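Asks: The sequence shown lines up with residues 18 to 541 when you count with the working numbering.
Just so you know, even glycine gets a beta-carbon here, dropped at the ideal spot from N, CA and C.
Because the structure is a prediction, the values reported are computed rather than measured.
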Amino acid sequence: GLLPPVSNPTTTPYPISVRLRHSVLQIFSFLSFPRFSITFSGNCGTPSCSISLIFATDSVFSLENGEAVPGFKEYSLEQLRAATSGFSPDNIVSEHGEKAPNVVYKGKLRGEDRWIAVKRFNKSAWPDSRQFLEEAKAVGQLRSERLANLLGCCCAGDDRLLVAEFMPHETLSKHLFHWENQHMKWPMRLRVALYLAQALEYCSAKGRALYHDLNAYRVLFDQDGNPRLSCFGLMKNSRDGKSYSTNLAFTPPEYLRTGRVTPESVVYSFGTLLLDLLSGKHIPPSHALDLIRGKNHMMLMDSCLEGDFSNDDGTELVRLATRCLQFEARERPTAKSLVAALAPLQKQTEVPSYTLMGIPHGTEAAQEAISLSPLGEACSRLDLTAIHEILEKVGYKDDEGIANELSFQMWTDQIQETLNCKKRGDAAFRAKDFSTAMDCYTQFIDGGTMVSPTVYARRCLCYLVGEMQQEALGDAMQAQSVSPEWSTAFYLQAAALFSLGMDSDAQETLKDGASLEAKTHSRK
18 GLLPPVSNPT
28 TTPYPISVRL
38 RHSVLQIFSF
48 LSFPRFSITF
58 SGNCGTPSCS
68 ISLIFATDSV
78 FSLENGEAVP
88 GFKEYSLEQL
98 RAATSGFSPD
108 NIVSEHGEKA
118 PNVVYKGKLR
128 GEDRWIAVKR
138 FNKSAWPDSR
148 QFLEEAKAVG
158 QLRSERLANL
168 LGCCCAGDDR
178 LLVAEFMPHE
188 TLSKHLFHWE
198 NQHMKWPMRL
208 RVALYLAQAL
218 EYCSAKGRAL
228 YHDLNAYRVL
238 FDQDGNPRLS
248 CFGLMKNSRD
258 GKSYSTNLAF
268 TPPEYLRTGR
278 VTPESVVYSF
288 GTLLLDLLSG
298 KHIPPSHALD
308 LIRGKNHMML
318 MDSCLEGDFS
328 NDDGTELVRL
338 ATRCLQFEAR
348 ERPTAKSLVA
358 ALAPLQKQTE
368 VPSYTLMGIP
378 HGTEAAQEAI
388 SLSPLGEACS
398 RLDLTAIHEI
408 LEKVGYKDDE
418 GIANELSFQM
428 WTDQIQETLN
438 CKKRGDAAFR
448 AKDFSTAMDC
458 YTQFIDGGTM
468 VSPTVYARRC
478 LCYLVGEMQQ
488 EALGDAMQAQ
498 SVSPEWSTAF
508 YLQAAALFSL
518 GMDSDAQETL
528 KDGASLEAKT
538 HSRK
């Protein structure tokens, strides 16, 4: 059979007869493995000959939703330092900022579009580097659309870091307890419960049933608004703290007795999350159970949900939470039975999570994800007035070294007339007489003696005002041709593409412009 690709180089000897030597080389060349080497040892004239196949492929996994996720890999500290802008405080996304014992940063690896989350542990968290690597590699084998998957790790000196998929839409804690514009709707709360149960069921099936300190901060929302379970809680307990860092009132009773986490402990914590979803508050389980025993469970319900759910649905979820919070661990349901109980309760299954959550998606989300300058923002909105103001304010600063170096021989009457055309165009542009500006800039360009990317940019705007989108796109591309690393040219191309209805291409061009602008600023 064929050998599967692996994410880290391994060396495996395979006995082979001399007659297969050529075939092996042909097979692995045909399979087009990106990086492999074959070393022959022994007497290749005998059946005892063996080869060592060394693979170093970058595996890519396809999730159930079609998303491609890279395989687990080890990163250098330098890579992660660069990705997080030197572990800048501005990139911290974890609660409590720099004061937390372990800090999570948002970052982006060089040459990649994917955002990552980098968790940096304190120095004493994992003294045993081998244990850390073993745990990280084991968790890194998991790949599910219900998880914020672990992409890699770094173990350098005393530094221990984990790299995971970045989830852009905050935590369950934020959406339940600290919402600003919209409370979480009942169908979405039911979906969160089901997806988390599915995440736990998947982990259990893969031999990772233990999850440390399951709480609302561990539930993250991806680019589509779907809830995912953070992979960080799957790492076996280290010396950075206890398995349950929250208030003891929320800790499984058996953990208080033994100090050990069991699969049943995880189900207990899932029950506290169900209480969070029901109430919109972080209620101690003992208080919630007192209300339930007194048949006052409707007092648990979030007042924001009034009229949003049926009593039967509320009662069923309360009943499930009660089972999860049983004092005796053996009386609690399994992750599999949680999924079976929650699946029939789902509502509005055809409605995307981002709609239920009221979060931006598609073009709107893409624009938010790109860090744009004022000109980039104006072009993304097709705000021609703002574009004009910015181009007028910048003037010809970006032409320095391109358009203004004329030799003595070039100072002819023709050159002077060409310059006069530009001056008349500038005056008309300033006065927002875009038709006259367009004509004057055309005369300047047709003169052919000087090249100015700014003139192309200005005429591009004139074309946009005149609803001549194709001509505008042509001028923006000409500006890029003259000045290949000029972000303004890319932003104006995006504006023209938006006006032509080519939103996808426009978004890509906006990204290119933002990337060039960031590089320019980093060099200054």
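#1: Which term fits GLY311, buried or exposed, when burial requires 16 or more other beta carbons within 10 angstroms of its beta carbon?
#2: Report back the beta-carbon spacing between GLU162 and ASN82 to the nearest angstrom; my notes put them in contact at under 8 Å.
#3: By how many angstroms is the C-alpha of GLN497 removed from the C-alpha of LYS536?
#4: Straight-line CA distance for GLU417 to SER469?
#5: Determine the contact status of ALA134 and ALA165, defining contact as a CB-CB distance below 9 Å.
#6: Pairing CB atoms from the segment 439-452 with CB atoms from the segment 490-510, are three or more of them under 8 Å?
#7: Excluding sequence positions up to five away, which residues of its chain have a Cβ less than 6 Å from the Cβ of PRO280?
#8: Quick one, which of HIS405, GLN433 and LYS528 has its alpha-carbon nearest ARG476's?
#9: Candidates GLN148, CYS172 and GLU151: which alpha carbon is nearest SER93's?
#10: Using DSSP bridges, identify the partner residues of ALA357.
#11: Taking C-alpha atoms, which residue in TYR219, PHE326 and ALA493 lies nearest to LEU80?
#12: Pick helix, strand or coil for THR188, following the three-state DSSP scheme.
#13: The alpha helix (DSSP H) spanning ASP107 covers which residue range?
#14: According to DSSP, simplified to helix, strand and coil, what is LEU237?
#15: So, with DSSP's three-state summary, where would you put LYS140?
#16: From which residue to which residue does the beta strand (DSSP E) around GLU182 run?
#17: By how many angstroms is the C-alpha of ASN437 removed from the C-alpha of TRP132?
#18: Helix, strand or coil for MET427? Go by DSSP, reduced to three states.
#19: What residues match up with CYS172 in a beta bridge as DSSP calls it?
#20: Go to LEU246, then tell me how far its beta strand (DSSP E) extends in each direction, as first and last residue.
#21: Give the secondary structure of GLY124 by DSSP, where H, G and I count as helix, E and B as strand, and everything else as coil.
#22: If we ignore side chains and look at the alpha-carbon of each, how far apart do SER320 and LEU292 end up?
#23: If you follow the beta strand (DSSP E) that PRO87 is in, where does it begin and where does it stop?
#24: Need the endpoints of the alpha helix (DSSP H) that GLU417 sits in, please.
#25: Based on the DSSP output, what are the partners of ALA165 in its beta bridges?
#26: Assuming contact is defined by CB atoms lying nearer than 9 Å, are LEU294 and VAL209 in contact in what I supplied?
#27: Rounded C-beta distance between LEU401 and LEU478? I'm assuming under 8 Å.
#28: Could you name the residues of the same chain whose beta carbon sits closer than 6 Å to that of LEU20, not counting the 5 residues immediately before and after it, in chain order?
#29: Beta-carbon within less than 6 Å of ALA454's beta-carbon, same chain only, minus the 5 sequence neighbours each way: which residues are those?
#30: Given a threshold of 16 other Cβ atoms within 10 Å of its Cβ, counted over all protein chains shown, does THR332 qualify as buried or as exposed?
#31: Compute the beta-carbon to beta-carbon distance between PRO106 and ASN139, rounded to the nearest angstrom, for a pair I have assumed lies under 8 Å.
#32: Can GLN365 and LEU359 be called in contact, C-beta distance under 9 Å?
#33: Please work out which residues of its chain come closer than 8 Å, Cβ to Cβ, to ARG256, disregarding the five sequence neighbours upstream and downstream, and give them in chain order.
#34: CB-CB under 7 Å to ASP522, same chain, minus the five flanking residues each way: which ones, in chain order?
#35: Put GLU151 into one of helix, strand or coil per three-state DSSP.
#36: List the DSSP bridge partners of PHE287.
Replies: With the given structure in hand:
#1: exposed
#2: Contact flag correct, Cβ pair sits at about 5 Å.
#3: Approximately 16 Å, taken between the alpha carbons.
#4: 9 Å
#5: yes
#6: no
#7: ALA226
#8: HIS405
#9: Of the candidates GLN148, CYS172 and GLU151, the one whose C-alpha sits nearest the C-alpha of SER93 is CYS172.
#10: Among the bridge pairs identified by DSSP, ALA357 is matched with none.
#11: For LEU80, the nearest C-alpha among the options comes from TYR219.
#12: THR188 sits in a strand when the DSSP states are folded into three classes.
#13: It is not in any alpha helix (DSSP H) - ASP107 carries neither H nor E in the DSSP assignment.
#14: strand
#15: Coil.
#16: 176-182
#17: 49 Å
#18: Any reading at MET427 must be qualified, since the residue scores a pLDDT of 48, below 50, and its modelled position is unreliable; the value itself is stated next. Helix at MET427.
#19: Paired residues: ARG177.
#20: 244-247
#21: strand
#22: 14 Å
#23: It spans 85-87 - the beta strand (DSSP E) in which PRO87 sits, taken as one unbroken run.
#24: Under the DSSP assignment, GLU417 falls outside any alpha helix (DSSP H); it carries neither an H nor an E label.
#25: SER247
#26: The criterion of a C-beta distance shorter than 9 Å is satisfied by LEU294 and VAL209.
#27: Confirmed, about 7 Å.
#28: Confidence at LEU20 is low in this model, with a pLDDT of 38, below 50, so its placement is unreliable and no value can be given for it.
#29: Same-chain partners within the cutoff: GLY442, ALA445, PHE446 and CYS479.
#30: exposed
#31: That belief does not hold up - the Cβ atoms of PRO106 and ASN139 are roughly 16 Å apart, past 8 Å.
#32: Cβ atoms of GLN365 and LEU359: not closer than 9 Å.
#33: A caution first: ARG256 carries a pLDDT of 42, below 50, which makes its placement in the model unreliable, though a value can still be read off. Beyond the five residues adjoining it in sequence on each side, ARG256 comes within less than 8 Å, by CB distance, of SER141, ALA142, TRP143 and PRO144 in the same chain, given in chain order.
#34: Result list for ASP522: LEU514, in chain order.
#35: Looking at GLU151 - three-state DSSP - the assignment turns out to be helix.
#36: As far as DSSP is concerned, PHE287 takes part in no beta bridge.
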